[in-house]
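Residue numbers (the numbering used here): -1 to 229.
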Ligand SMILES: Nc1nc2c(ncn2[C@@H]2O[C@H](COP(=O)(O)OP(=O)(O)OP(=O)(O)O)[C@@H](O)[C@H]2O)c(=O)[nH]1
């Protein structure tokens, strides 16, 4: 059976951090890549994704599943990211083959844990192994993965130190960020920007058809999700 893709939503985005404001030249390449956001229950996968897409933290995110499309310019490359945020309840309800299909769909991965939840951190080596095994043989290039310790604002409840997070990422050859989706937008931006930098040109598919105007809707798409959930 094929992979069941969730609904798609599009957002527009212009980075406002000086380090990220790169004006693409006339010959800038337009490419696209699939990003899978994974991690244990309640670690803030949706909060991080929505923070990146809308700059907002809305608190509760429900269990809806979406693929969000979003433009980002990195190193002169204009990349249309398709970001799939899978609710943990969905993962639990499935067999391993669905997760494997999602991993095949993705070119790059954001693995989120909560710094207040050691169990969510402990599952990461297995997840990374699973991803690397599934992608093995497809190419010699390393799989772009970033590990993200979220909920940094809850330091009084911290169960995983920054050093542990950094060391684990180093040992697994992954990028590492510690952020608070609740407190700031900048950390979320750095996560997706850092991930995009890890994706080699050879893994980026050339964009077909969909122009920017075609994919740009607004942030209200994300908030409509919340309104629908609360009805
Ligand atoms: N204090 C704090 N709370 C956060 C942060 N990020 C998310 N939360 C809260 O943590 C809870 C879970 O956030 P979600 O984004 O729904 O987590 P998820 O990983 O998508 O959860 P599942 O849908 O169960 O897989 C919500 O109550 C959020 O408001 C953060 O950085 N700090």
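Glycine residues also receive a C-beta, built at the ideal position from the N, C-alpha and C atoms.
Where residue 145 is concerned, there is no enclosing alpha helix (DSSP H), although the beta strand (DSSP E) around it starts and stops at 143 to 148.
Looking at the DSSP output, residue 82 sits in a beta bridge with 34, 65.
The residue from 168, 104, 100, 86 with its alpha-carbon nearest to that of residue 123 is 168. Across the structure, residue 33 and residue 154 are spaced so that their CA atoms are roughly 32 Å apart.
Per the C-alpha coordinates, the member of 39, 59, 130, 37 positioned closest to residue 45 is 59.
Residue 28 and residue 75 have their C-alpha atoms spaced approximately 6 Å apart.
Here the alpha carbon of residue 97 sits roughly 16 Å from the alpha carbon of residue 110. In this structure, DSSP gives residue 170 a state outside helix and strand, which the three-state scheme calls coil. For residue 170, same chain residues with a beta-carbon under 8 Å away, outside a window of 5 residues either side, are 122, 123, 126, 143, 145 in chain order. Take residue 133, set aside five residues on each side of it, and the residues of its chain with a beta-carbon closer than 6 Å to its own are 141, in chain order. A distance below 7 Å between beta-carbons, with the five flanking residues on each side excluded, links residue 150 to the following residues of its chain, in chain order: 113, 176, 177, 178.
The segment 41 to 57 makes no contact with the segment 192 to 201; the number of CB pairs closer than 8 Å stays below 3. Exclusion of residue 69 from the 8 Å shell around ligand 1 follows from its C-beta lying no nearer than that to any non-hydrogen atom of the ligand. Shortest gap from the CB of residue 110 to any heavy atom of ligand 1: under 8 Å.
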